[in-house]
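Undergrad: Under our numbering, think of the first position of the sequence shown as 559, with each following residue one higher.
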Amino acid sequence: MPKRLIITFVKNAAINGQYSLNPFNFKHHKLNFLGIYLDGQRVPCKPMELNYESENYIRAYHSLFSGFNRDKGIYISREEFSKGYAIYSFDLTPDLCEGSHFNLLHQGNLRVEAKYARALEETVSVLVYAEFQNTIEITKSRHVLCDFAN
Numbered sequence: 559m560p561k562r563l564i565i566t567f568v569k570n571a572a573i574n575g576q577y578s579l580n581p582f583n584f585k586h587h588k589l590n591f592l593g594i595y596l597d598g599q600r601v602p603c604k605p606m607e608l609n610y611e612s613e614n615y616i617r618a619y620h621s622l623f624s625g626f627n628r629d630k631g632i633y634i635s636r637e638e639f640s641k642g643y644a645i646y647s648f649d650l651t652p653d654l655c656e657g658s659h660f661n662l663l664h665q666g667n668l669r670v671e672a673k674y675a676r677a678l679e680e681t682v683s684v685l686v687y688a689e690f691q692n693t694i695e696i697t698k699s700r701h702v703l704c705d706f707a708n
């Protein structure tokens, strides 16, 4: 399982070669529900229920701070978030502490559920960045041992 998950949505044409479109324009596309499930259990305990038209998206904006384990600015304001910087971050570590220490490895199923207020007007690609906890060890005899268990 990944220890961090970052999800965003972008127009499919923008990442598939239409040069007039910006592939870094992460619009919300009227997303109104985003849930992460590990082995059928919700993470965090309540999925995000969003309404961008009534400016009810503070949990999604806050996920940028909690998911990146930062308590200071990230140079994206709340107003900018809804206008092309809609990035959703989730800390999936058991202790929600995403530090430099190692947690126990966990095998299982991960499911992302997204719902929209209206039908999508065009094809949208979901970009997912998953960060895993792995080790690479070099012995004194110069052998490289990799632990990519995930």
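Just so you know, even glycine gets a beta-carbon here, dropped at the ideal spot from N, CA and C.
Between VAL682, ASN692, ALA688 and GLN691, which lies nearest to ASN574 when the distance is taken from Cα to Cα?
TA: Position 16 of the sequence shown, counted from the start, is the residue given in the question as residue 574. Selected option, being the one with the closest Cα: VAL682.
Undergrad: How would you write the range of the alpha helix (DSSP H) that ASN570 sits in, first residue to last?
TA: Here residue 570 refers to the residue found at position 12 when the sequence shown is read from its first residue. Here the alpha helix (DSSP H) through ASN570 covers 570-573.
Undergrad: My output table needs one value for ALA672: the three-state DSSP class, helix, strand or coil.
TA: Here residue 672 corresponds to residue number 114 of the sequence shown, with the count starting at 1. ALA672: strand per DSSP, three-state reduction.
Undergrad: Restricting to Cα atoms, I'd like to know which of ASN580, ASN609, GLU613 and ARG617 is closest to CYS603.
TA: The sequence position of residue 603 within the sequence shown is 45, counting from 1. For the set ASN580, ASN609, GLU613 and ARG617, the Cα lying nearest the Cα of CYS603 is the one of ARG617.
Undergrad: Excluding five sequence neighbours on each side, which residues of the same chain lie with their C-beta closer than 6 Å to the C-beta of GLU689?
TA: As a working mapping, residue 689 is identified with position 131 in the sequence shown. Result list for GLU689: PRO560, LYS561 and ARG562, in chain order.
Undergrad: Would you kindly report the start and end of the unbroken beta strand (DSSP E) that includes GLU680?
TA: Translated into positions along the sequence shown, residue 680 becomes position 122. Premise fails: GLU680 is in no beta strand (DSSP E) and is neither H nor E.
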